[in-house]
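To start, the structure itself, in structure tokens.
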Amino acid sequence: MAPRTDGLTLALPKGRILAQAIPLLQQAGLELSGLAAGELDRRLLHDLAGGLRVLLVKPVDVPTYVEHGVADLGIAGYDTLCEEARDLYEPVDLGIGACRLAVAEPVARPVTLRRGMPLRVATKYPRLARSHYRSLGIHPEIIPLAGSVELGPITGLSDQIVDLVESGETLRQNELREVETILHVTSRLIVHPASLKLKQAAVARTIAALRAVVAARNTLAQSTPRTA
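Per numbering that gives the first Met the number 0, the very first residue in the sequence shown carries number 0; after that it's consecutive.
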């Protein structure tokens with residue numbers, strides 16, 4: 000039986016993760032048939048069947064909409080959640096959007112890390128990057144960048160970068176090499192704490208349905224033989 004979603008607002012990230020999230024949500028019984036067509040007219044707010052409202056926002060903004068109670072639930076990357084340390088409930092690891100937060104550097108200019116050394120690091124994740132290097136006894140100069148982080152070491156702006164890596168192809172094309180993984184990342188279902196109480200029945204049903212879908216997917220993946 001599909002979970003009733005009367006009165007729930009769901010914040011979804013635009014882009015790559017949305018394409019992976021929609022089938023998962025539909026398997027959990029959420030009625031999203033009007034969403035794909037709505038994307039074509041660039042609408043960002045969708046009132047769908049079953050009383051479900053969907054907001055389409057930038058991935059980094061999903062936790063903000065949920066934390067402020069504009070959305071009851073959302074889908075956000077573990078990297079964003081760790082970087083921003085939001086006060087949100089994370090009941091389900093959806094297993095989509097898998098990648099890793101990693102350190103990378105120029106192939107031609109490898110860095111030998113040592114305690115107390117001067118180091119410049121470009122990143123979209125200043126909090127996570129600073130924490131990682133400080134655990135090594137290094138206090139780097141963190142250079143925040145909003146995009147094209149790979150240009151940092153190429154142009155001499157930084158010695159290393161901390162950024163998301165999926166296949167590593169972008170690094171290779173820019174003559175960078177991955178040095179170390181800081182964090183394995185997937186997308187999580189997040190919930191506003193107040194919604195757990197005020198809309199307990201609808202939220203609980205949605206969480207349970209998504210847990211069941213993810214568990215079934217994981218079981219199928221484990222039972223499917225891998226090809227050489």
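We treat Cβ as the ideally placed atom computed from N, Cα and C, and that holds for glycine.
Shown here, E82 sits in a helix according to DSSP, grouped into three states.
Residue environment: H67 is assigned as exposed (fewer than 16 neighbouring CB atoms within 10 Å of its CB, all protein chains considered).
Counting only runs of at least 3 residues, the stretch 195-222 fully encloses no beta strand (DSSP E) element at all. Residue range 150-154 is occupied by the alpha helix (DSSP H) that includes G151.
In the three-state scheme derived from DSSP, where H, G and I count as helix and E and B as strand, H131 is classed as helix. I21: member of the alpha helix (DSSP H) spanning 15-26, first to last residue. By the beta-carbon neighbour count (other beta carbons within 10 angstroms, threshold 16), S186 is buried. By the criterion of a C-beta distance shorter than 8 angstroms, E104 is surrounded in its chain by V110, P152, D158, Q159, I160, L175, R176, V178, once the five residues flanking it on both sides are discounted. Taking C-alpha positions only, S134 is separated from I181 by approximately 11 angstroms.
Comparing alpha carbon positions, the residue from V148, D162, P117, E149 closest to E140 is P117. Annotation: L43 to V69 spans about 14 angstroms, alpha carbon to alpha carbon. Note: Y88 is bridge-paired with V190 in the DSSP secondary-structure output.
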